[in-house]
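Undergrad: Just remember that this note's numbering sits 553 ahead of the position in the sequence shown, which is counted from 1.
Cβ coordinates follow ideal geometry from the N, Cα and C atoms, glycine included.
I have a structure I would like to understand better, so I am pasting it below and will then ask my questions one at a time.
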Amino acid sequence: MAFNIDKLFGIHQHAISLRSQRAGLLAANLANADTPNYKARDLDFQAELKKIQNGMQSTGIKTTHPNHIGGMNDTLNTDVIYRTPSQPSLDGNTVETHVEHAAFMKNALDYQASIRFLTGNIQGMMTALKGE
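Structure follows, in structure tokens:
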């Protein structure tokens with residue numbers, strides 16, 4: 554009988570990678586909350602996960618020189634979007650710390666849920682392999 558590890562992990566292996574990338578973006582936003590002209594960045598998690606499920610490639614910003622700042626993560630090939638603030642600041646910074654904190658915490662909880670789901674699947678497989 555052939556065994557496909559992708560079926561065991563499902564979409565959660567990709568969700569963890571996306572959540573990890575999103576955590577980095579949100580942490581960078583919080584770290585630059587007082588940086589003039591810093592633009593808050595994020596990724597559309599649902600859209601990126603649908604692209605992965607459908608096997609589509611992202612059509613994000615492409616760089617033409619190694620010193621260019623990319624709009625995509627090369628390993629995951631995800632599109633980075635800029636957040637529109639509800640109350641723009643005078644210095645051009647678009648980070649709203651209360652929004653970033655809430656998004657970071659929700660992302661952390663969702664990341665932890667995916668980890669627990671994968672852990673349960675792995676433990677179930679280990680139990681089956683041991684014959685218990």
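Quick one, which of 644, 675, 672 and 596 has its alpha-carbon nearest residue 656's?
TA: As a position in the sequence shown, residue 656 is number 103, starting the count at 1. Of the listed residues, the one whose Cα sits closest to residue 656 is 596.
Undergrad: Per DSSP, which residues does residue 595 bridge with? Please list them.
TA: Counting from one through the sequence shown, the residue named residue 595 turns up at place 42. Bridge partners of residue 595: 634.
Undergrad: Alpha helix (DSSP H) containing residue 652: first to last residue?
TA: Here residue 652 corresponds to residue number 99 of the sequence shown, with the count starting at 1. Per DSSP, residue 652 belongs to the alpha helix (DSSP H) from 650-683.
Undergrad: To the nearest angstrom, how far is the alpha carbon of residue 659 from that of residue 589?
TA: In the sequence shown, residue 659 corresponds to position 106, counting from 1. In the sequence shown, residue 589 corresponds to position 36, counting from 1. Roughly 26 Å separates the two Cα atoms.
Undergrad: DSSP three-state label for residue 640, please.
TA: Counting from one through the sequence shown, the residue named residue 640 turns up at place 87. It is coil, neither helix nor strand.
Undergrad: Can you tell which of 651, 572, 644 and 592 has the C-alpha that lies nearest to the C-alpha of residue 602?
TA: Reading the sequence shown from its first residue, position 49 is the one you call residue 602. Ranking the options by Cα distance to residue 602, first place goes to 572.
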